[in-house]
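Participant: Let me begin by handing over the structure; questions about it come next.
In the numbering used here, the protein residues as written are 1240 to 1317.
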């Protein structure tokens, strides 16, 4: 597996984690009674995941573009 593909895999995992945290946030906000410390924890988790995603994006941009690779195209086909 190329470094480019590894970075994409890591980005995919971070995005999945971010979705989970955002789902938790939505559930928490829809309960009607807000727990400030819980909401702060969720905010910190989102910030951390977004910072990680930004870092991985910077790494991805530095890698040679292998987007035309058959392996990459098949793995990340929308």
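C-beta atoms are modelled at their ideal positions from N, C-alpha and C, and glycine is treated no differently.
Grab the span of the alpha helix (DSSP H) containing residue 1302 for me, first residue to last.
Facilitator: It is not in any alpha helix (DSSP H) - residue 1302 carries neither H nor E in the DSSP assignment.
Participant: Whether or not the stretch 1262-1277 and the stretch 1286-1294 are in contact is what I'm after, with contact meaning three or more pairs of Cβ atoms, one per stretch, closer than 8 Å; do they touch?
Facilitator: no
Participant: According to the Cβ coordinates, are residue 1292 and residue 1253 closer than 8 Å?
Facilitator: yes
Participant: Taking residue 1246 as part of the alpha helix (DSSP H), name the residues at either end of that continuous run.
Facilitator: Start and end: 1242-1269.
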